[in-house]
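Chains as they are written, first to last, in the UniProt record's numbering: chain A, 1 to 230; chain B, 1 to 230.
All residues carry an ideal CB built from backbone N, CA and C; glycine is no exception.
2 protein chains.
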Amino acid sequence: MTNKNVFLKKLCMTRSEENYIKIIFHLGGNTSTLISTNAIAEQMATKPSSVTDMSKKLAEKGLLHYKRYQGVTLTELGVKVALSIIRKHRLWEVFLVEKLDFTWDEVHEVAEQLEHIKSEKLIDQIDALLGYPKYDPHGDPIPSKDGEFLERDKQLLSDMPKQSIGVCVGVKDTSTPFLKFLDKNQIALGNTIKVLDIEDFDQSLSILINNKKLNISHQIASNLYVKKQN
Amino acid sequence: MTNKNVFLKKLCMTRSEENYIKIIFHLGGNTSTLISTNAIAEQMATKPSSVTDMSKKLAEKGLLHYKRYQGVTLTELGVKVALSIIRKHRLWEVFLVEKLDFTWDEVHEVAEQLEHIKSEKLIDQIDALLGYPKYDPHGDPIPSKDGEFLERDKQLLSDMPKQSIGVCVGVKDTSTPFLKFLDKNQIALGNTIKVLDIEDFDQSLSILINNKKLNISHQIASNLYVKKQN
DNA sequence: ATAAATTTTTAGACAAATCTAAAAATTGGT
DNA sequence: ACCAATTTTTAGATTTGTCTAAAAATTTAT
Ligand SMILES: [Mn+2]
Ligand SMILES: [Mn+2]
Ligand SMILES: [Mn+2]
Ligand SMILES: [Mn+2]
Chain A
1 MTNKNVFLKK LCMTRSEENY IKIIFHLGGN TSTLISTNAI AEQMATKPSS
51 VTDMSKKLAE KGLLHYKRYQ GVTLTELGVK VALSIIRKHR LWEVFLVEKL
101 DFTWDEVHEV AEQLEHIKSE KLIDQIDALL GYPKYDPHGD PIPSKDGEFL
151 ERDKQLLSDM PKQSIGVCVG VKDTSTPFLK FLDKNQIALG NTIKVLDIED
201 FDQSLSILIN NKKLNISHQI ASNLYVKKQN
Chain B
1 MTNKNVFLKK LCMTRSEENY IKIIFHLGGN TSTLISTNAI AEQMATKPSS
51 VTDMSKKLAE KGLLHYKRYQ GVTLTELGVK VALSIIRKHR LWEVFLVEKL
101 DFTWDEVHEV AEQLEHIKSE KLIDQIDALL GYPKYDPHGD PIPSKDGEFL
151 ERDKQLLSDM PKQSIGVCVG VKDTSTPFLK FLDKNQIALG NTIKVLDIED
201 FDQSLSILIN NKKLNISHQI ASNLYVKKQN
């Protein structure tokens, strides 16, 4: 067991603290970019004053660097914690889809709860049961036990040129309406998509998927990730 | 969906409230027996004054009957809530043992967390995945979705007469030391036990299990449930 | 450079769940 | 029936995480 994992074990984090760390990570706090109080407040659906209070507490605990009026960045330890929560969230999502017949628009809400369960054995066994999956149902990468993960080579469908071909590998928007729309139009991860045409007027696309022609708006295309075929 | 299940859905219960309801049920609050403030405090590892506060809140919510200085009993709704938590707890315990290779002494701690996850679909799918089990790893019955469950025909091994035969169906003590002791001596649920002799001096038993003779103390026998063979 | 707008922090309050200490009610022994 | 012991409740304080309103710092615009 690494030295960092020992710290992880001793740290006792409340559910609220864990949610702050996770959201700061998603806002880019893993790099040295400073994350603003307001940005965190918006994501947490809370007030900036609450964020300030929590930032002080998390800095005290060694999870982030906080300078008044500047913003925060995660410490190395903070990144570790963030990755461990994201790992749990995404593994539970896979579990729900693979083992319990959940649809990909139902899993997020439940995973938000399950990600806070404290048991190292539990999540490692779930990982094993699932065969150590690399990606969650939305195409997002699952960090390994020691925090490693590969960001996939992907781009937005809306950034693909005419006549190019790609494989659908993820979604940017994970809202139920968007995912239901994809289901209705039989667009799923793994499908091959060819961009037939892009309309000058509104950037809407004509694509070939499942051997069928389909017209989709720019907004749809800008929320679908594909891996370009060379 | 029954009328009561509709109530269950609307009720939003905190983790602490759920734990109080569960413990009151286990103390016998499903009958009309009054449960004392002190008894609840002891089980909850909290102070009587805290129990009084919570009793008022839960009575306000319609989950229990509370009369000052008298004690509490669960309402019909309170019993429903208790059974739904116990159902979740025990199903998760089965899941951990059957699907994730947990041992029967490891499951309780994790189930204490998992029992509070809010998702009807989640627990119903776990139930289905497990093949609708009737008993948990410790031999305790699992309430069905609508709160029905059979208490098993069982008695303590220490209450069995000489020469009688029974099948081990449950444990009274679920502590790790006791369960580890049973593992070490290869005593498991489902095993047939014959009482060969009972020592007058200390009530220790000589039993036949797995075709081997074994001596166990009265304390061990008084924490093992068996179903008597006719 | 100064003023205006925005962001962030502070100060003080609140709800939930807990605690301690003291008061009130109940129970039990004689 | 009385006193003493026990149980239970009340009153007031504490911690966590949040809020509002006001003050302070920073950023943007003129
Ligand atoms: Mn998610
Ligand atoms: Mn996801
Ligand atoms: Mn248990
Ligand atoms: Mn059990």
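Classification of D127 (chain B) by the beta-carbon crowding that lies within 10 angstroms, buried from 16 upward
For the purposes of this step, residue 127 (chain B) is identified with residue 127 of the second sequence, where counting begins at 1. Result: buried.
Would you mind telling me which residues of chain B sit closer than 7 Å to S119 (chain A), beta carbon to beta carbon, in chain order?
As a first step, residue 119 (chain A) must be located in the first sequence, where it is residue number 119. Per Cβ cutoff of 7 Å: V110.
Status (buried if at least 16 other CB within 10 Å, exposed otherwise) for K88 (chain B):
Translated into positions along the second sequence, residue 88 (chain B) becomes position 88. With 16 or more other Cβ atoms within 10 Å, it is buried.
Check whether the segment 51 to 64 of chain A and the segment 18 to 31 of chain A touch, using three or more Cβ-Cβ pairs below 8 Å as the test.
yes
CA nearest to the CA of Q203 (chain B), picked from B:S175, B:I193 and B:P161
Sequence index remark: in the second sequence, residue 203 (chain B) carries index 203 (1-based). Closest by C-alpha distance to Q203 (chain B), out of B:S175, B:I193 and B:P161, is B:P161.
Closer than 9 Å at the beta carbon, the chain A residues around I85 (chain B):
By one-based count along the second sequence, residue 85 (chain B) stands at place 85. Within chain A, no residue comes near I85 (chain B); the closest Cβ sits about 15 Å away, beyond 9 Å.
What is the residue span of the beta strand (DSSP E) that Y66 (chain B) lies within?
Within the second sequence, residue 66 (chain B) is the residue found at index 66, counting from 1. Y66 (chain B) -> beta strand (DSSP E) spans L64 to K67.
Under three-state DSSP, which class holds M1 (chain A)?
For the purposes of this step, residue 1 (chain A) is identified with residue 1 of the first sequence, where counting begins at 1. With a pLDDT of 49 at M1 (chain A), under the threshold of 50, the modelled position of that residue is not reliable, and the figure given next carries that caveat. DSSP places M1 (chain A) in coil when its eight states are reduced to three.
Alpha carbons only, please: which of A:I24, A:S175 and A:D124 is nearest the one belonging to T75 (chain A)?
Residue numbering aside, residue 75 (chain A) sits at position 75 when the first sequence is read from its first letter. With distances taken between Cα atoms, T75 (chain A) lies closest to A:I24.
If you check the beta carbons only, do residue 240 (chain B) and E151 (chain B) fall under 8 Å apart?
What is shown of chain B runs 1 to 230, which leaves residue 240 (chain B) out entirely.
Excluding the five sequence neighbours on either side, which residues of its own chain have a C-beta within less than 7 Å of the C-beta of E42 (chain B), listed in chain order?
Taking the first residue of the second sequence as position 1, residue 42 (chain B) is located at position 42. The answer is none, since no qualifying residue turns up.
Tell me the rounded alpha-carbon separation between P133 (chain B) and L214 (chain B).
As a first step, residue 133 (chain B) must be located in the second sequence, where it is residue number 133. As a first step, residue 214 (chain B) must be located in the second sequence, where it is residue number 214. Distance between the alpha carbons of P133 (chain B) and L214 (chain B): 31 Å.
Suppose you measure from the CA of I187 (chain B) to the CA of I209 (chain B); what does that come to, to the nearest Å?
As a position in the second sequence, residue 187 (chain B) is number 187, starting the count at 1. As a position in the second sequence, residue 209 (chain B) is number 209, starting the count at 1. C-alpha separation (whole angstroms): 8 Å.
Tell me, to the nearest whole angstrom, how far the beta carbon of L224 (chain B) is from that of V171 (chain B); I am working on the premise that it is less than 8 Å.
Locating residue 224 (chain B) in the second sequence gives position 224, where the first residue counts as 1. Locating residue 171 (chain B) in the second sequence gives position 171, where the first residue counts as 1. The Cβ separation is near 6 Å, so the contact holds.
Can you tell me which of the three DSSP states L27 (chain A) falls into?
By 1-based counting over the first sequence, the position of residue 27 (chain A) is 27. Helix, per DSSP.
Heavy atom of ligand 2 within 7 Å of H138 (chain A) beta-carbon:
Taking the first sequence and counting its residues from 1, the one referred to as residue 138 (chain A) is at position 138. Yes, the beta carbon of H138 (chain A) sits closer than 7 Å to at least one heavy atom of ligand 2.
Residues of the UniProt domain "HTH dtxR-type" (13 to 75) of chain A with a CB closer than 7 Å to any CB of chain B: list them in chain order, please.
none
Can you tell me the Cα-Cα spacing of G28 (chain B) and I220 (chain B), whole angstroms?
For the purposes of this step, residue 28 (chain B) is taken as the residue at position 28 of the second sequence. For the purposes of this step, residue 220 (chain B) is taken as the residue at position 220 of the second sequence. Taking the straight line from one Cα to the other gives about 24 Å.
Pick helix, strand or coil for Q113 (chain B), following the three-state DSSP scheme.
What you label residue 113 (chain B) is simply residue 113 of the second sequence in a count that begins at 1. Helix.
According to DSSP, is K185 (chain B) helix, strand or coil?
Along the second sequence, one-based indexing puts residue 185 (chain B) at 185. Before going further, note that residue 185 (chain B) is Asn rather than Lys in the sequence given. In this structure, N185 (chain B) counts as coil in the three-state DSSP scheme.
Closest Cα partner of T103 (chain B) within the set B:L196, B:Y69, B:I207 and B:D183:
Residue 103 (chain B) sits at position 103 when you count from the first residue of the second sequence. Among B:L196, B:Y69, B:I207 and B:D183, the Cα nearest to that of T103 (chain B) belongs to B:D183.
Among the residues of its own chain, which have a CB less than 8 Å from the CB of N30 (chain A), if the five just before and after it don't count?
Within the first sequence, the letter at position 30 stands for residue 30 (chain A). For N30 (chain A), where only same-chain residues beyond five positions count, the Cβ hits under 8 Å are L74, V79 and A82.
Pull up the DSSP beta-bridge partners for C168 (chain B), would you.
In the second sequence, residue 168 (chain B) corresponds to position 168, counting from 1. DSSP output for C168 (chain B) lists B:V226 as bridge partner(s).
Let's see if you can read the secondary structure: which residues bound the alpha helix (DSSP H) around D124 (chain B)?
Indexing the second sequence from 1 puts residue 124 (chain B) at position 124. Counting along the chain, the alpha helix (DSSP H) containing D124 (chain B) begins and ends at E120 to L129.
Determine, for I142 (chain A), whether the minimum Cβ-Cβ distance to residues of chain B falls below 8 Å.
Stepping through the first sequence from its first residue, residue 142 (chain A) is reached at position 142. Taking Cβ atoms only, chain B never reaches closer than 8 Å to I142 (chain A), which makes this a no.
Give me whichever residues DSSP pairs with D197 (chain B) in a beta bridge.
Reading the second sequence from its first residue, position 197 is the one you call residue 197 (chain B). DSSP output for D197 (chain B) lists B:S206 as bridge partner(s).
Pull up the CB-CB distance for T52 (chain B) and T37 (chain B), whole angstroms please, since I reckon it's below 8 Å.
Position 52 of the second sequence, counted from the first residue, corresponds to residue 52 (chain B). Position 37 of the second sequence, counted from the first residue, corresponds to residue 37 (chain B). About 6 Å; that satisfies the 8 Å criterion.
Sequence-distant residues of its chain with Cβ nearer than 7 Å to A39 (chain B) (five each side left out):
Start at 1 with the first residue of the second sequence, and residue 39 (chain B) comes out as number 39. Contacts found: L27.
Residue nearest to F149 (chain A) in terms of C-alpha spacing, selected from A:P177, A:L11, A:S84 and A:K118
Translated into positions along the first sequence, residue 149 (chain A) becomes position 149. The candidate whose alpha carbon is nearest that of F149 (chain A) is A:S84.
Which whole-angstrom value is the C-beta distance of L130 (chain A) and L91 (chain A), which I expect to be below 8 Å?
The sequence position of residue 130 (chain A) within the first sequence is 130, counting from 1. The sequence position of residue 91 (chain A) within the first sequence is 91, counting from 1. Rounded, the Cβ-Cβ distance is 7 Å, consistent with contact.
With hydrogens ignored, establish whether the beta-carbon of H218 (chain A) is closer than 7 Å to any heavy atom of ligand 4.
In the first sequence, the residue the question calls residue 218 (chain A) occupies position 218. No.
In the DSSP assignment, what residue or residues form a beta bridge with K213 (chain B)?
Residue 213 (chain B) sits at position 213 when you count from the first residue of the second sequence. Paired residues: B:L208.
Using a cut-off of 7 Å between C-beta atoms, extract the partners of Q113 (chain A) located in chain B.
Taking the first residue of the first sequence as position 1, residue 113 (chain A) is located at position 113. Within chain B, the residues near Q113 (chain A) are I117 and K118.
According to the neighbour-count rule (16 or more other Cβ atoms, all chains shown, within 10 Å of its Cβ), is P177 (chain A) buried or exposed?
As a first step, residue 177 (chain A) must be located in the first sequence, where it is residue number 177. Exposed is the call here.
Flag T174 (chain A) as yes when its Cβ comes closer than 7 Å to any non-hydrogen atom of ligand 1, and as no otherwise.
One-based indexing of the first sequence puts residue 174 (chain A) at position 174. It does: the Cβ of T174 (chain A) is within 7 Å (strictly closer) of some heavy atom of ligand 1.
Output, in chain order, the set of chain A residues within a Cβ distance shorter than 9 Å of L189 (chain B).
Taking the second sequence and counting its residues from 1, one reaches residue 189 (chain B) at position 189. Under the 9 Å cutoff, chain A gives no residues; its nearest Cβ is about 22 Å from L189 (chain B).
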